[in-house]
Amino acid sequence: MTEPRELTIVHGEIDASDTTAHLLFPTRDEQPFLPFQRFAESMATSRRKGEMHPHHGEEVIQYVLEGYIDHEDGSGTHTSLTEGSLLVLTARNEVQHALRMERGRTARWLSIVVRLPVTTEAPSTSLQILTASRPPVGSDGTVRTSLVGSNGPARTSSGLELIDIGFAKEATAFLRVGRDRRGIAYVLSGIGSVENHGLEPGHGVLLENMSGLSLHGEAGYRVALASVPRPVA
0 MTEPRELTIV HGEIDASDTT AHLLFPTRDE QPFLPFQRFA ESMATSRRKG EMHPHHGEEV
60 IQYVLEGYID HEDGSGTHTS LTEGSLLVLT ARNEVQHALR MERGRTARWL SIVVRLPVTT
120 EAPSTSLQIL TASRPPVGSD GTVRTSLVGS NGPARTSSGL ELIDIGFAKE ATAFLRVGRD
180 RRGIAYVLSG IGSVENHGLE PGHGVLLENM SGLSLHGEAG YRVALASVPR PVA
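Its first residue numbered 0, the sequence shown is counted upward by one per residue in numbering that gives the first Met the number 0.
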């Protein structure tokens, strides 16, 4: 028997513990969408001083949408992240890191935390920092920047795939998800819809048992699509 497709619209909200973060989940009303543990968009100024904090048994993906951020790892090494930079931290063991604003700068970035799967071969702890190349506008009027996964420059132990879809003109686009995966489509900017549901920036859709989805947007519409293998029951 075929499982029904599930599509759940989620409205993000300001994180009570960090007013610079716009949380899709976890919130009081929305639990983690496992193995996704956290999905948020942050915007901060030079006044923000991120503290060192740990990650253990999870993978962290941070994608800079605008501005500049300073990343510090547990050894004290600093790396400057700019617009388009992608950070993938695989924390099999406990790893400390921090994001801090560079003086006089502002920044906006997407942050995703995924639980690492339990496997016989545990993934090694690693840190990847890179920038994906932006492709030309496609025949459907969209720019599809593959960030993580088989077509992107970064690889993950969680199996996460991440793509940034921008609309250069009013258009309709179709994206593959896979019935064996859970997905999140999150609106970054512009006016448009996901599966005929109008979605504003800061809102998202949780996708379950869907082979693909359709997007329609005006010029300037931009959506991030992340997906991971469904957890084994």
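Beta carbons: idealized from backbone N, C-alpha and C, even for Gly.
Note that the structure is predicted; figures quoted are calculated from it, not measured.
Item                                                                                                                                                                    : Value
By alpha-carbon positions, which one of 91, 44, 89 ends up nearest to residue 69?                                                                                       : 44
May I ask which residues mark the beginning and end of the beta strand (DSSP E) holding residue 191?                                                                    : 191-193
Excluding the 5 residues flanking residue 78 on each side, which residues of the same chain have their C-beta closer than 7 Å to its C-beta?                            : 70, 128
Less than 8 Å between the CB atoms is what I'm expecting for residue 109 and residue 30, so what's the real figure, rounded?                                            : Contact doesn't hold; Cβ gap of about 20 Å is too wide.
For a test of the three-state rule: what should DSSP assign to residue 127, helix, strand or coil?                                                                      : strand
Helix, strand or coil: how does DSSP classify residue 115 here?                                                                                                         : coil
Between residue 219 and residue 200, what straight-line distance do the alpha-carbon atoms span, to the nearest angstrom?                                               : 11 Å
Could you tell me the boundaries of the beta strand (DSSP E) in which residue 42 lies?                                                                                  : 35-43
For residue 173, count the other beta carbons within 10 Å of its own beta carbon; 16 or more makes it buried, fewer makes it exposed. Which is it?                      : exposed
Where does residue 179 land, buried or exposed, given buried means 16+ other C-beta within 10 angstroms?                                                                : exposed
Between residue 116 and residue 145, which are expected to be in contact by the criterion C-beta below 8 Å, what is the C-beta distance as a whole number of angstroms? : About 22 Å; that fails the 8 Å criterion.
Closest by CA to residue 216, which one among 80, 4, 203, 166?                                                                                                          : 166
Could I get the ranges of all uninterrupted beta strand (DSSP E) runs contained in the stretch 61-114, with 3 residues as the minimum, in chain order?                  : 77-81, 84-90, 94-100, 106-114
According to DSSP, residue 205 sits in a beta bridge with which residue or residues?                                                                                    : 7, 183
Can you pull the DSSP bridge partners for residue 163?                                                                                                                  : 144, 223
Locate the beta strand (DSSP E) running through residue 12, then write down its first and last residues.                                                                : 12-14
If we ignore side chains and look at the alpha-carbon of each, how far apart do residue 83 and residue 67 end up?                                                       : 10 Å
Is the separation between the beta-carbon of residue 37 and that of residue 53 shorter than 8 Å?                                                                        : no
Tell me residue 52's beta-bridge partners as DSSP assigns them.                                                                                                         : 96
By the three-class DSSP mapping on this structure, what secondary structure does residue 59 have?                                                                       : strand
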